[in-house]
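Novice:
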Amino acid sequence: MKIYLSASNQTDNMYNTKAQMSECDVCYLIAQKTQDYLSSINGIECKLGGKHDTMVSKVKASNDFKANYHLCIHTNAGGGKGTEVYIAPKNVNDTIVNKVYQNVAILTPNPDRGIKNGLHFYEVKYTNAKCIYLEVEFHDTYGDWIFDNVDEIAYAIASAFGQVKETNVVNSNNLFKVQVGAFTTLERAERYSNELKNKYNINTYIVKP
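Per the numbering used here: the sequence shown = residues 5 to 213.
Below you can see the structure in the form of structure tokens.
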């Protein structure tokens, strides 16, 4: 599978963060880390567009690359909240499209905004690949959260495409782990574990008492 990554080149969209970074800066960081994670997945070939490339040049590069998926990484503005994905309507039932949205939606701090018709976006309309135009939260209200979670966002995106090798993840001794349930029987624990894996592509393990 071939994936082309297209990070926002919008240098005028400033984050409301202490770091005073632009949408271009932060989205390129997310894209670089996403490329690292994707490159660890068996059968994935990944290409990242230039930081300041135009939409037109990115579409041409993606089509020349013969990408299967064209993934645009942006953050939103306008004082709102939540993550959304724009696609061509014909791809609404695509498994990976939905996994990218679900993985990021679960991670981000607010109720999310759904998968929408994106044919008004140049890249959605003109790429030969299935285009996933991701808007991760609103940088003018949640810029600090986005900036502080670049690695987690990248991992959420990449894991929609397959199993990221653990050697590419932050040292496991430094990871915070989240328990999502406790069950009185192994059967119920396994059922819930399988639901998380199959529906949301979340890696799980069961600890016995």
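Cβ atoms here follow ideal geometry from the backbone N, Cα and C, with glycine treated the same way. From a predicted model like this one, the values you see are computed outputs, not experimental measurements.
Could you tell me how far apart the beta carbons of N107 and A164 are, in whole angstroms, since I believe they sit closer than 8 Å?
Specialist: Against the sequence shown, residue 107 aligns to sequence position 103. Against the sequence shown, residue 164 aligns to sequence position 160. About 5 Å separates the two Cβ atoms, so the contact holds.
Novice: Please give the ranges of any beta strand (DSSP E) in the region 82-153, keeping only runs that are unbroken, at least 3 residues long and fully inside the region.
Specialist: Entirely contained in the region 82-153, the beta strand (DSSP E) runs reaching 3 residues are, in chain order, 88-91, 118-121 and 134-142.
Novice: What does the Cβ neighbour count give for K37, buried or exposed, with the cut at 16 atoms within 10 Å?
Specialist: For the purposes of this step, residue 37 is taken as the residue at position 33 of the sequence shown. With 16 or more Cβ atoms within 10 Å of its Cβ, K37 is classed as buried.
Novice: If V128 sits next to I91, beta carbons under 8 Å apart, how far is it from one beta carbon to the other, in whole angstroms?
Specialist: For this step, residue 128 is matched to residue 124 along the sequence shown. For this step, residue 91 is matched to residue 87 along the sequence shown. The Cβ separation is near 7 Å, so the contact holds.
Novice: Please report the residue range of the beta strand (DSSP E) in which N80 lies.
Specialist: Mapped onto the sequence shown, residue 80 falls at position 76. Run containing N80: Y73 to N80, per the beta strand (DSSP E) assignment.
Novice: Let's see if you can read the secondary structure: which residues bound the alpha helix (DSSP H) around I48?
Specialist: Here residue 48 corresponds to residue number 44 of the sequence shown, with the count starting at 1. Unbroken run through I48: none, as it is neither H nor E.
Novice: Sort out for me which residues DSSP pairs M18 with in a bridge.
Specialist: Counted from its first residue, the sequence shown places residue 18 at position 14. Per DSSP, S26.
Novice: Ordered along the chain, which non-local residues of its own chain (more than five positions away) have a Cβ less than 6 Å from that of Y73?
Specialist: Numbered from 1 along the sequence shown, position 69 holds the residue referred to as residue 73. Taken in chain order, the residues that qualify are I7, A133 and K134.
Novice: Taking Cβ to Cβ, would you say Y126 is nearer than 7 Å to M59?
Specialist: Within the sequence shown, residue 126 is the residue found at index 122, counting from 1. Within the sequence shown, residue 59 is the residue found at index 55, counting from 1. Cβ atoms of Y126 and M59: closer than 7 Å.
Novice: Could you check which residue in Y19, I119 and K120 has the C-alpha nearest to that of G82?
Specialist: Walking along the sequence shown from the start, residue 82 turns up at place 78. Nearest of Y19, I119 and K120 to G82, Cα basis: Y19.
Novice: Would you list the one or two residues that DSSP bridges to S10?
Specialist: Residue numbering aside, residue 10 sits at position 6 when the sequence shown is read from its first letter. DSSP lists C76 as partners of S10.
Novice: Which whole-angstrom value describes the C-beta separation of Y41 and Y159, a residue pair presumed to lie in contact below a C-beta threshold of 8 Å?
Specialist: Here residue 41 refers to the residue found at position 37 when the sequence shown is read from its first residue. Here residue 159 refers to the residue found at position 155 when the sequence shown is read from its first residue. Yes, they are in contact, since the Cβ atoms of Y41 and Y159 sit about 6 Å apart, within 8 Å.
Novice: To the nearest angstrom, how far is it from the Cα of G86 to the Cα of F151?
Specialist: If you number the sequence shown from 1, residue 86 lands on position 82. If you number the sequence shown from 1, residue 151 lands on position 147. The straight-line gap from Cα to Cα measures roughly 15 Å.
Novice: Terminal residues of the continuous alpha helix (DSSP H) containing M59?
Specialist: On the sequence shown, residue 59 is found 55 positions in, with the first residue counted as 1. That run of the alpha helix (DSSP H) goes M59 to F69.
Novice: Rounded to the nearest angstrom, what separates F69 and T131 at their Cα positions?
Specialist: Mapped onto the sequence shown, residue 69 falls at position 65. Mapped onto the sequence shown, residue 131 falls at position 127. C-alpha separation (whole angstroms): 11 Å.
Novice: With DSSP as the reference, label K169 as helix, strand or coil.
Specialist: Taking the first residue of the sequence shown as position 1, residue 169 is located at position 165. Correct three-state label for K169: coil.
Novice: Here's the rule I'm using: 16 or more other beta-carbon atoms within 10 Å means buried, otherwise exposed. How should G118 be labelled?
Specialist: For the purposes of this step, residue 118 is taken as the residue at position 114 of the sequence shown. Per the 10 Å Cβ criterion, exposed.
Novice: Closer than 7 Å by C-beta to R195: which residues in its own chain qualify, once you throw out the five before and the five after it? Chain order, please.
Specialist: Position 191 of the sequence shown, counted from the start, is the residue given in the question as residue 195. Counting only Cβ-Cβ distances below 7 Å, and skipping sequence neighbours, we find nothing.
Novice: Cutting at 7 Å between CB atoms, please list the residues of its own chain near E3, excluding the five before and the five after it.
Specialist: In this structure the chain extends from 5 to 213, so residue 3 is not present and cannot be described.
Novice: Report the option in A193, H143 and L52 whose CA atom is closest to the CA atom of N114.
Specialist: Here residue 114 is taken as the residue at index 110 of the sequence shown, counted from 1. Nearest of A193, H143 and L52 to N114, Cα basis: H143.
Novice: Would you kindly work out how many angstroms separate the C-alpha atoms of E199 and S61, rounded to a whole number?
Specialist: Here residue 199 refers to the residue found at position 195 when the sequence shown is read from its first residue. Here residue 61 refers to the residue found at position 57 when the sequence shown is read from its first residue. So the alpha carbons of these two residues sit roughly 41 Å apart.
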